[in-house]
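K.L.:
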Amino acid sequence: MAAFPFAISAVAVILCSVLLPPSSCSPICAARTQDHVRTAFHFQPAKNWQNDPNGPVYFNGMYHLFYQYNPHGALWDVGNLSWGHTVSGDLVNWADLGNALDPTAPFDANGCASGSVTVLPDGNPVILYSGIDAARRQVQNIAIPKNPRDPLLREWTKPSYNPVVPVPADVSPDNFRDPTTAWLGRDGLWRFAVSAVAGGVGSTLVYRSADFLRWERRAAPLHASRDAVMAECPDLFPVASPGVPEGLDASAAAARHVLKVSMPDTLQDYYAVGRYDEETDTFTPDGEEDAREFGDYRRWRRIDHGHLYASKTFFDARRSRRVLWAWVNESDSETDDVARGWSGLQSFPRALWLDAGGRQLVQWPVEEIETLRRKHKAMVGTEVEAGGLREVEGVESSQADVDVAFEVTSLERAEGLDPSRLMDPDALCAEKGASVRGGVGPFGLLVMASGDDLREHTAVFFRVFRLLHEYTVLMCTDLTRSSTKTGVYKPIHGGFVNVDIEKDKSISLRTLIDRSIVESFGAGGRTCMTARVYPDHVARCSSHMYVFNNGSDAVKVPKLEAWELATASVNAIAAEEGDGLAASGDMCKSTAYY
Ligand SMILES: *[C@@H]1O[C@H](CO)[C@@H](O)[C@H](O)[C@H]1NC(C)=O
Ligand SMILES: *[C@@H]1O[C@H](CO)[C@@H](O)[C@H](O)[C@H]1NC(C)=O
Ligand SMILES: *[C@@H]1O[C@H](CO)[C@@H](O)[C@H](O)[C@H]1NC(C)=O
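FYI, the numbering for the sequence shown is -25 to -1, 1 to 569, going by mature numbering (1 follows the signal peptide of the UniProt record, and there is no 0).
#1: Could you compute how far the alpha carbon of R201 sits from the alpha carbon of A171?
#2: Is A301 near T455, with beta carbons less than 9 Å apart?
#3: Taking the alpha carbon of R348 as the point to measure from, which residue in V355, D376, R334 and S322 has its own alpha carbon closest?
#4: Go through the residues and name those whose CB comes closer than 5 Å to any heavy atom of ligand 3, in chain order.
#5: What does a CB cutoff of less than 6 Å around G369 pick up in its chain, not counting 5 residues either side in sequence?
#6: Do the stretch 416 to 424 and the stretch 514 to 523 meet, that is, are 3 or more Cβ pairs less than 8 Å apart?
#7: Out of curiosity, what's the CA-to-CA distance linking W328 and V236?
#8: Return the bridge partner residues of Q374 from the DSSP annotation.
#9: Start and end of the beta strand (DSSP E) containing V522?
#10: Kindly identify the DSSP beta-bridge partner or partners of R166.
#11: Return helix, strand or coil for A541, following the three-state DSSP convention.
#12: Let me know if G177 comes out buried or exposed under the rule of 16 or more other beta-carbons within 10 Å of its beta-carbon.
#13: In the DSSP assignment, find the alpha helix (DSSP H) that holds T433 and state where it starts and stops.
#14: Nearest to G363 by alpha carbon, out of N29, D240, L128 and G416?
#15: For V313, report the span of its alpha helix (DSSP H) as first-last.
#16: Taking 9 Å as the threshold (C-beta atoms), are G106 and S147 in contact?
#17: Closest by CA to A405, which one among T384, V435 and A529?
#18: Starting from I107 and walking both ways along the beta strand (DSSP E), at which residues does that stretch end?
#19: To the nearest angstrom, how far is it from the Cα of G526 to the Cα of A409?
#20: Can the beta-carbon of P213 be found less than 9 Å from the beta-carbon of Y251?
#21: Taking all protein chains shown into account, decide if Y464 is buried (16 or more other Cβ within 10 angstroms of its Cβ) or exposed.
#22: By the 10 Å Cβ neighbour count, where 16 or more other Cβ atoms means buried, how is S373 classified, buried or exposed?
#23: Should S(-17) go down as buried or exposed, given a rule of 16 or more other Cβ atoms within 10 Å for buried?
#24: What number of angstroms, rounded off, separates the C-alpha of A528 from the C-alpha of Y104?
#25: Among the candidates D10, D210, F258 and W317, whose CA atom is the shortest distance from the CA of A230?
#26: Considering only the beta carbon of each residue, do H60 and H39 sit closer than 9 Å?
#27: Please tell me whether V101 and F34 are closer than 9 Å, where the distance is taken between their beta carbons.
#28: Using a 10 Å radius around the Cβ and a threshold of 16 neighbouring Cβ atoms, would you call residue 590 buried or exposed?
#29: Taking the alpha-carbon positions, what's the A547 to G316 distance?
#30: Just reading off the alpha helix (DSSP H) that P213 is part of, what are its end residues?
#31: Determine the closest residue to L197 out of D224, T155 and P217, with distance taken between C-alpha atoms.
#32: When you compare only the Cα positions, how much space is there between L392 and S481?
#33: Does the stretch 440 to 450 come into contact with the stretch 534 to 541, if we say contact requires no fewer than three beta-carbon pairs (one atom in each stretch) closer than 8 Å?
#34: Using the rule of at least 16 other Cβ atoms within 10 Å of the residue's Cβ for burial, across every protein chain shown, is P209 buried or exposed?
#35: Apply the 10 Å Cβ neighbour rule to S286 and answer buried if 16 or more other Cβ atoms are within range, or exposed otherwise.
#36: Does the stretch 287 to 297 come within contact of the stretch 307 to 315, defined as at least 3 CB pairs closer than 8 Å?
What follows is the structure, encoded as structure tokens:
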């Protein structure tokens, strides 16, 4: 079949729908009586359950995202999930391509679980995913495009020789999943990492292959944790030199790699920075202390200190950066999810790189978000007195992007802190919330605040403490008053921020707000915190935003910028070949290829 010309026009149509700015004429508060918590610029399928991001890849000028998807309803249910599939030209606007994988074969009859995409040297992409087979064993399978010339990669074939990796004898059959993107060693062999409970220990195993079909397990795991039930969704990727905001391809040689795992015991993502040795396929964390604590993942750094899980990165060759996706689940009730007909978000994509100090990652929303910026407000050179509250007027804070810097005039009144409290920032934030007056801080933002005496509001803030010989900065997101609704999980998230406040004197906060999610980036993305909120007042489209200071001294706000964000085009329907939409593809031809 001469599919190629049709395919080109289909690409044009889809790029058209995902590249043109969404209806700039509709105000952000267009009638949304039914579902005011549905997000405006985060990826979610039109309906139903989604969880882990799968196989993100930049291929042929398009960004592809696959995701764990239950086409039958708003809950995970029995877990017999499919892979949903969506594409974008800009990581902001998305077209729906239907399911890429469904649980139809003996080797995935009970579910197509998480996995990845690798682009082979011949230019063809291949999916590596975990199937839950007819006997309910987790096995590793591959899938290849049915028509490699279809630029949208809509249909995938699962070869009958699957699984390519059955469950090894020492691995528990219900804990062997989530293969990473594969990387190519200088010896010409492919490798991927996969989660397993091996000999009763939560481990990340490595497999090698010369042909992507016959895989051999390496004797030593990349990581094994004495404390973990299971380490899910591993990710191993090389990073550029400290402070260089760029990414590297999975197969690039690099002095440093990052190993990330997701821990079901705590529902958090952790990572370590270290050296990956491709001779032995082992990973050694940097620093003596990190190496000593390697068995205990709770000592690792966190991708996010809030509500975010199962993250996965990919290398974006278009802009030479590494981009992270993650699942952000609901925190209201299953009854609410069923009533709304959907559950689960993908975090807004973040670029990530190694911090100048070389010990931790920094994460930052991809710059394409700026295409959604509309109404702009700035405050310059403001000072907020002790106990003060300043409204950022004229910006509807239910769909916004805010970037603010706080400058502290003196650290003299910083509260003392016992070092033992460093272990549990959540508890410290819970004890010292926004309304507990402090020395230096709390200061920060109140977002999604209702007009009626702040009955509903979400506080994102910092508080500076004095340790024996230094200062430390705590960042918190307090959800206790985020919604008047009952039956909603309203925790207080906390994390320390790796900054030298004595030297810098100032600290920045960037917050993305989207109807039921608040993602915050402290100190240029050194500490990240995602929260789910369900404010009732958002339905009335009357969300306010404030800067507050509940410390004992004034804080300066040298600059605050806030933008209302437009609604992205998410789930545009991919045009069928030859239909009316395809004809109108002409107007977008110039943007069809870059
Ligand atoms: C998968 O789940 C759906 C919805 O619960 C159900 O209709 C379907 O029969 C299930 N398939 C299998 C193979 O269990
Ligand atoms: C969502 O995650 C939170 C923890 O982050 C957990 O308490 C809750 O059970 C999860 N909800 C669902 C519906 O999975
Ligand atoms: C600041 O503290 C006072 C006194 O505890 C409290 O009434 C007020 O709500 C606090 N401000 C914020 C923004 O929490």
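Glycine is no exception: its CB is placed at the ideal position from the N, C-alpha and C atoms.
Small disclaimer: the values here were computed from a predicted structure and weren't measured.
P.N.:
Considering the structure as presented:
#1: Looking up residue 201 in the sequence shown gives position 226. Looking up residue 171 in the sequence shown gives position 196. Going from the Cα of R201 to the Cα of A171 covers about 13 Å.
#2: Position 326 of the sequence shown, counted from the first residue, corresponds to residue 301. Position 480 of the sequence shown, counted from the first residue, corresponds to residue 455. No, the Cβ-Cβ distance between A301 and T455 is not below 9 Å.
#3: Translated into the one-based positions of the sequence shown, residue 348 becomes position 373. If we check each option's Cα against that of R348, D376 comes out closest.
#4: A409, S410, F523 and N525
#5: For the purposes of this step, residue 369 is taken as residue 394 along the sequence shown, with counting starting at 1. K352, listed in sequence order.
#6: yes
#7: Locating residue 328 in the sequence shown gives position 353, counting from the first residue. Locating residue 236 in the sequence shown gives position 261, counting from the first residue. Computed Cα separation, rounded: 17 Å.
#8: Indexing the sequence shown from 1 puts residue 374 at position 399. The partner list for Q374 (beta bridge, DSSP) reads D489.
#9: Taking the sequence shown and counting its residues from 1, one reaches residue 522 at position 547. V522 -> beta strand (DSSP E) spans S518 to N524.
#10: For the purposes of this step, residue 166 is identified with residue 191 of the sequence shown, where counting begins at 1. Bridge partners of R166: W158 and R183.
#11: The residue labelled residue 541 in the question sits at position 566 within the sequence shown. The answer is coil: DSSP assigns A541 none of H, G, I, E or B.
#12: On the sequence shown, position 202 is the one that residue 177 refers to. With 16 or more Cβ atoms within 10 Å of its Cβ, G177 is classed as buried.
#13: To locate residue 433, count along the sequence shown from 1; it is residue 458. Careful: T433 lies outside any alpha helix (DSSP H), inside the beta strand (DSSP E) at T433 to R441.
#14: Start at 1 with the first residue of the sequence shown, and residue 363 comes out as number 388. When only C-alpha atoms are compared, the closest one is G416.
#15: One-based indexing of the sequence shown puts residue 313 at position 338. Its alpha helix (DSSP H) spans residues E309 to R315.
#16: Walking along the sequence shown from the start, residue 147 turns up at place 172. Walking along the sequence shown from the start, residue 106 turns up at place 131. No; because the gap between Cβ atoms is not below 9 Å, this pair is not in contact.
#17: Numbered from its first residue, the sequence shown carries residue 405 at position 430. Taking only the C-alpha atoms, the option nearest A405 is V435.
#18: Taking the sequence shown and counting its residues from 1, one reaches residue 107 at position 132. Run containing I107: P100 to I107, per the beta strand (DSSP E) assignment.
#19: Residue numbering aside, residue 526 sits at position 551 when the sequence shown is read from its first letter. Residue numbering aside, residue 409 sits at position 434 when the sequence shown is read from its first letter. One C-alpha to the other measures close to 10 Å.
#20: If you number the sequence shown from 1, residue 213 lands on position 238. If you number the sequence shown from 1, residue 251 lands on position 276. Against a cut-off of 9 Å, the Cβ pair of Y251 and P213 comes out as a contact.
#21: Your numbering for residue 464 matches position 489 in the sequence shown. Per the 10 Å Cβ criterion, exposed.
#22: Mapped onto the sequence shown, residue 373 falls at position 398. Label assigned to S373: buried.
#23: Numbered from 1 along the sequence shown, position 9 holds the residue referred to as residue -17. Note that S(-17) has pLDDT 45, beneath the 50 cutoff, so the model's placement of it is unreliable and the number below is only indicative. Result: buried.
#24: The residue given as residue 528 occupies position 553 in the sequence shown. The residue given as residue 104 occupies position 129 in the sequence shown. Reading off the sequence shown, one finds Asp at residue 528, where the question assumed Ala. For D528 and Y104, the distance between alpha carbons rounds to 55 Å.
#25: Along the sequence shown, read from residue 1 onward, the residue named residue 230 stands at position 255. Closest option to A230, Cα to Cα, is F258.
#26: Numbered from 1 along the sequence shown, position 85 holds the residue referred to as residue 60. Numbered from 1 along the sequence shown, position 64 holds the residue referred to as residue 39. Cβ atoms of H60 and H39: closer than 9 Å.
#27: Here the question's residue 101 lines up with position 126 in the sequence shown. Here the question's residue 34 lines up with position 59 in the sequence shown. Going by C-beta atoms, V101 is not nearer than 9 Å to F34.
#28: This structure leaves residue 590 out entirely; the chain is present only between -25 and 569.
#29: The residue labelled residue 547 in the question sits at position 572 within the sequence shown. The residue labelled residue 316 in the question sits at position 341 within the sequence shown. The alpha-carbon atoms of A547 and G316 are separated by roughly 18 Å.
#30: As a working mapping, residue 213 is identified with position 238 in the sequence shown. No alpha helix (DSSP H) holds P213; the beta strand (DSSP E) holding it covers E207 to V214.
#31: Indexing the sequence shown from 1 puts residue 197 at position 222. Checked all of D224, T155 and P217; the closest Cα to L197 is T155.
#32: The count along the sequence shown starts at 1 and reaches residue 392 at position 417. The count along the sequence shown starts at 1 and reaches residue 481 at position 506. For L392 and S481, the distance between alpha carbons rounds to 20 Å.
#33: no
#34: Your numbering for residue 209 matches position 234 in the sequence shown. It counts as buried.
#35: Start at 1 with the first residue of the sequence shown, and residue 286 comes out as number 311. The residue in question, S286, is buried, as its Cβ has 16 or more Cβ neighbours within 10 Å.
#36: no
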